[in-house]
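K.L.:
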Amino acid sequence: MVGGHRVFSACTACLNGIKRHTLPKYALANGRWVGTCPPELQGLTYVEQLLIARNRHSFCVAQVSCGQRFLASNVIVFGQPVARMYDALPPPKKDIEECLAILFVGSAKPTDEDIRRTPFLVRLHVVLAALRWLQLNSAAYADIRISMENLATYADNEPPVGIIYRRTGPAAPDESLAVYEASNERSVDEGDCVFTVHGLSSSEFVNMTYEAKLATAIRHFDTGGRALAYGHDQQPESMYHNADLYPRMFPWLYPYGLGGFGN
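Residue 8 is where the sequence shown starts when you use this note's numbering, and the numbers rise one by one after that.
(1) Count the other CB atoms, across all protein chains shown, that sit within 10 Å of the CB of P166; report buried if there are 16 or more and exposed otherwise.
(2) Flag this pair as yes or no: are the beta carbons of L51 and W259 separated by less than 8 Å?
(3) Answer with buried or exposed for T43, where buried requires no fewer than 16 other C-beta atoms within 10 angstroms of its C-beta.
(4) Using a Cβ-Cβ cutoff of less than 7 Å, which residues in the same chain neighbour A146 once the five nearest sequence positions on both sides are dropped?
(5) If you drop the 5 nearest sequence neighbours on each side, which residues of the same chain put their C-beta closer than 7 Å to that of R152?
(6) Per the DSSP calculation, N62 is bridged to which residue(s)?
(7) Measuring CA to CA, which of P117, A137, D163 and T29 is closest to I171?
(8) By a C-beta neighbour count over all protein chains shown, 10 Å radius and 16 as the cutoff for buried, is D163 buried or exposed?
(9) Nearest by alpha-carbon distance to A108: which of T29, L22 and V54 is it?
(10) So A60 packs on M256, CB below 8 Å; how close in whole Å?
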């Protein structure tokens, strides 16, 4: 208050918009407000994020390398031709089985403790709490149905798909190392394992079967491939005319369904 009058500071662009009685282009109220991530959407595992995402955008093959002193996980991501949208969440377990594969490699089979340290477990109460919060608070989730039938098909604190085991030597795979790392072995003996996500891009992957994608990912791991790129489809979803795409695909980043591209 100055001399009994309300005074506020505004940039030139916002001030011009206010003078014209229009919403300033860069105002938070103009679809730019994202909001703070609530506790219900924090600390989700990689698989839990897949279960609450309304748009499924990828096929994933996860490799977890286990040795005497370390765990390290890598995920190969294949783009899909169309981002599939769900009206009921979590999705049926068979849909997750079609888009996720977990491969354990190492000199010994993974123990229960090894599996608990990976980002591929499903905590049913966490998934349910996240979906209930999104249903009540996110504009992109207002019309979804929470399927208790689908949720009941997942085992609590276990991976949603079977684990494939392949015996190898104790060294860490090349693709799990950064370009500046000289050592080929890591020493992470407690806590969550190292987690890296890669993407594969090629038009031939679009129509691949589940088995073909799994074989391609395993071959990539075996040959030590490093240079990968995030792919896109020949006719990708437009993010400029679909403001709900990213909030539905990554609800933990856009908790209220606002702030997506094109808002």
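The C-beta atom is built at its ideal place from N, Cα and C for all residues, glycine as well.
P.N.:
The short version:
(1) So P166 ends up on the buried side.
(2) yes
(3) By the 16-neighbour rule on beta-carbons within 10 angstroms, T43 is exposed.
(4) Y263, G264 and L265
(5) D94 and A95
(6) M92
(7) P117
(8) exposed
(9) V54
(10) Contact between A60 and M256 holds, since their C-beta atoms are separated by about 6 Å, short of 8 Å.
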